[in-house]
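Residue numbers (the working numbering): 2 to 235.
Taking it in order: structure first as structure tokens, then the write-up.
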């Protein structure tokens, strides 16, 4: 499988994960991002180390960074912990949004048996606080394109919170209870932009990846790279 490499140097590798490919899998014979990138490194350099520092759900596509050294892995992991690594998503939601922008704060409880999460009252045992900000940037009949800043990293967070706010994602068969958008093969969610400080150069860098899929093509004119992100990578 060919992976779209957006950037690579001696410390890290930034690429686009296709929808449907797991980041890391324990299933024998199943291709995952870690094994694909190890094979890529082996064919190019002979050193197969790939440090996994963050994840995306299997049906979600988008930009990811992997470390090529243990030092870079530690540095990138610290940025996730202290919130310096910024993640922005694009999602296609179903129906007409009640509000064009807003912040969602909920408490999510994960059910490991069903691999789902649900919104529960604050104080529920095992629940974790989840926060995101969203902005509707385009609409077509029956759908809207939302730009989402993820402020916490919870299990299925965007999918659960957007559905809870009346904006379920197209193609989401776990949390979208309507028939809208269910012709999509994968959930219409993409990690669109990723920014962080280079662990060695100490320079803020930013990368964007254009989402793929028929439903995202409805909004192609709204997916151009921003000047902000271009400036950070110059």
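Note that the Cβ used here is the ideal one computed from N, Cα and C, for glycine as well.
Note that the structure is a prediction, hence the values are computed from the model and not measured.
{"Asked": "Report the rounded CA-to-CA distance for residue 218 versus residue 73, giving the unit in angstroms.", "Found": "35 Å"}
{"Asked": "Could you compute how far the alpha carbon of residue 80 sits from the alpha carbon of residue 145?", "Found": "31 Å"}
{"Asked": "Output yes or no for whether 8 Å exceeds the beta carbon distance between residue 159 and residue 215.", "Found": "no"}
{"Asked": "What separation, rounded to the nearest whole angstrom, lies between the Cα atoms of residue 44 and residue 165?", "Found": "45 Å"}
{"Asked": "Measuring alpha carbon to alpha carbon, tell me which residue in 86, 29, 66 and 133 is nearest residue 7.", "Found": "66"}
{"Asked": "From the DSSP output, in three-state form, read off residue 96 for me.", "Found": "coil"}
{"Asked": "Taking the continuous alpha helix (DSSP H) assigned at residue 35, which residues delimit it?", "Found": "34–45"}
{"Asked": "Using the rule of at least 16 other Cβ atoms within 10 Å of the residue's Cβ for burial, across every protein chain shown, is residue 2 buried or exposed?", "Found": "exposed"}
{"Asked": "Tell me where the beta strand (DSSP E) around residue 195 begins and ends.", "Found": "190–198"}
{"Asked": "Among all the DSSP beta bridges, which residues are the ones paired with residue 52?", "Found": "68"}
{"Asked": "I'd like to check one pair, residue 11 with residue 200: are the Cβ atoms closer than 8 Å?", "Found": "no"}
{"Asked": "For the alpha helix (DSSP H) that contains residue 15, what are its first and last residues?", "Found": "Where residue 15 is concerned, there is no enclosing alpha helix (DSSP H), although the beta strand (DSSP E) it sits in stretches over 13–18."}
{"Asked": "Residue 104 by DSSP, collapsed to three states: which one?", "Found": "strand"}
{"Asked": "Helix, strand or coil, according to DSSP, for residue 79 in the structure here?", "Found": "helix"}
{"Asked": "Between 127, 110 and 163, which lies nearest to residue 104 when the distance is taken from Cα to Cα?", "Found": "163"}
{"Asked": "Quick one, are the C-beta atoms of residue 150 and residue 89 less than 8 Å apart?", "Found": "yes"}
{"Asked": "Pick from 71, 47 and 132: whose alpha carbon is nearest that of residue 53?", "Found": "71"}
{"Asked": "Is residue 67 close to the ligand MN? I mean its beta-carbon at under 7 Å from any heavy atom of the ligand.", "Found": "For the structure depicted, the ligand MN is absent and the ligand set is empty, with no information on it obtainable."}
{"Asked": "Where does residue 160 sit, in a helix, a strand or coil, going by DSSP?", "Found": "helix"}
{"Asked": "According to the neighbour-count rule (16 or more other Cβ atoms, all chains shown, within 10 Å of its Cβ), is residue 62 buried or exposed?", "Found": "buried"}
{"Asked": "Here's the rule I'm using: 16 or more other beta-carbon atoms within 10 Å means buried, otherwise exposed. How should residue 194 be labelled?", "Found": "buried"}
{"Asked": "If residue 131 sits next to residue 155, beta carbons under 8 Å apart, how far is it from one beta carbon to the other, in whole angstroms?", "Found": "4 Å"}
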